[in-house]
Amino acid sequence: YFIGQSLGKFLVAGTSNRSELAIGYFTKFGDGGVDFEAIGSLYKCEVRVIAKLLNIPDVIIKKPPSAGLWEGQTDEDELGIKYGILDEILYRIDNGLSMVDLNTDIIKLVKDMIEKARHKNSLPPVFTINS
Numbered sequence: 008y009f010i011g012q013s014l015g016k017f018l019v020a021g022t023s024n025r026s027e028l029a030i031g032y033f034t035k036f037g038d039g040g041v042d043f044e045a046i047g048s049l050y051k052c053e054v055r056v057i058a059k060l061l062n063i064p065d066v067i068i069k070k071p072p073s074a075g076l077w078e079g080q081t082d083e084d085e086l087g088i089k090y091g092i093l094d095e096i097l098y099r100i101d102n103g104l105s106m107v108d109l110n111t112d113i114i115k116l117v118k119d120m121i122e123k124a125r126h127k128n129s130l131p132p133v134f135t136i137n138s
């Protein structure tokens, strides 16, 4: 924000996708502290499709997603779910589709992550003090 404001009327673009936003896989006032999310309406799998269409090298597209917090860390290991499965569950939730053919433990895991992330996807409450 400092650089954007110092140079004039610039906005800070976020890089979180729909999958990460839904489950709160971001730091609220860290990488989540942005003015807009350029790919925030796209599931992780859709981001990969677009990357392919834009001729992004396969070595980048196929690289396991990682926040790079420690050596060997990957998003999927940390989350305990593959993005393909996560995206499938999120898509079905978003569109009111049946999940009877999916693992109930994994569905519960995703729903729990969504619930725990609700506070990350809303502005902080403002308390009114009457004098």
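Each residue of the sequence shown is one higher than the one before, starting from 8 at the first, in this note's numbering.
For glycine and all other residues, C-beta sits at the position ideal for the given N, C-alpha and C.
These numbers were taken from a predicted model, which means no experiment stands behind them.
| Item | Value |
| --- | --- |
| Neighbourhood of Glu-83 by C-beta distance below 6 Å, restricted to the same chain and skipping five residues each side | Lys-89 |
| Residues near Met-106 by beta carbon distance below 6 Å, same chain, minus five either side | Arg-99, Ile-114 |
| Selection from Phe-134, Pro-132, Tyr-8 that minimises the alpha carbon distance to Gly-39 | Tyr-8 |
| Buried/exposed call for Asn-24, threshold 16 Cβ in 10 Å | buried |
| Span separating the alpha-carbon of Asn-102 from that of Ser-13 | 42 Å |
| Cβ neighbours of Ala-45 in the same chain (closer than 6 Å, five flanking residues each side left out) | Ala-20 |
| Buried/exposed call for Asp-27, threshold 16 Cβ in 10 Å | A small correction: the amino acid at residue 27 is Glu; Asp does not occupy that position in the sequence shown. By the 10 Å Cβ count, Glu-27 comes out buried. |
| Buried or exposed by the 16-neighbour rule on C-beta atoms within 10 Å, applied to Leu-61 | exposed |
| Contact check, Asp-119 vs Cys-52, beta carbons under 8 Å | no |
| Of the listed residues Pro-64, Ile-10, Thr-22, Gly-31, nearest to Glu-122 (C-alpha basis) | Gly-31 |
| Neighbour-count burial assignment, Leu-76, 16 or more Cβ in a 10 Å radius | exposed |
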